[in-house]
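Remarks on the structure that follows.
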């Protein structure tokens, strides 16, 4: 799956980008019609430790999925956002299958 990566307020290293790409590629096992997506990694300017935000948008034919999570590491935020997308995709796929019956 083709993902555009955007890092805001910092420069993401290759290891982080590869980690997110690898995790997101696993979503293809749940729904194979994912067209592409965008990932926004944002460093929030606050005093708390939980200042890393990951937002992911995925495009499928006729629909767009979105998940956002904030935690103390980009890897953790990406994991949670991808898990949210996985739940959305499974729910959507079940709805599509029921509509075809």
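Residue numbers (our numbering): 148 to 248. C-beta: ideal position from N, C-alpha, C; glycine also.
| query | result |
| --- | --- |
| Sequence-distant residues of the same chain with beta carbon closer than 7 Å to residue 237, five excluded per side | 177 |
| Backbone secondary structure at residue 159 - three-state DSSP | coil |
| Sequence-distant residues of its chain with Cβ nearer than 6 Å to residue 212 (five each side left out) | 205, 232, 235 |
| Closest Cα partner of residue 208 within the set 188, 221, 184, 229 | 184 |
| DSSP state of residue 185 mapped onto helix, strand, coil | strand |
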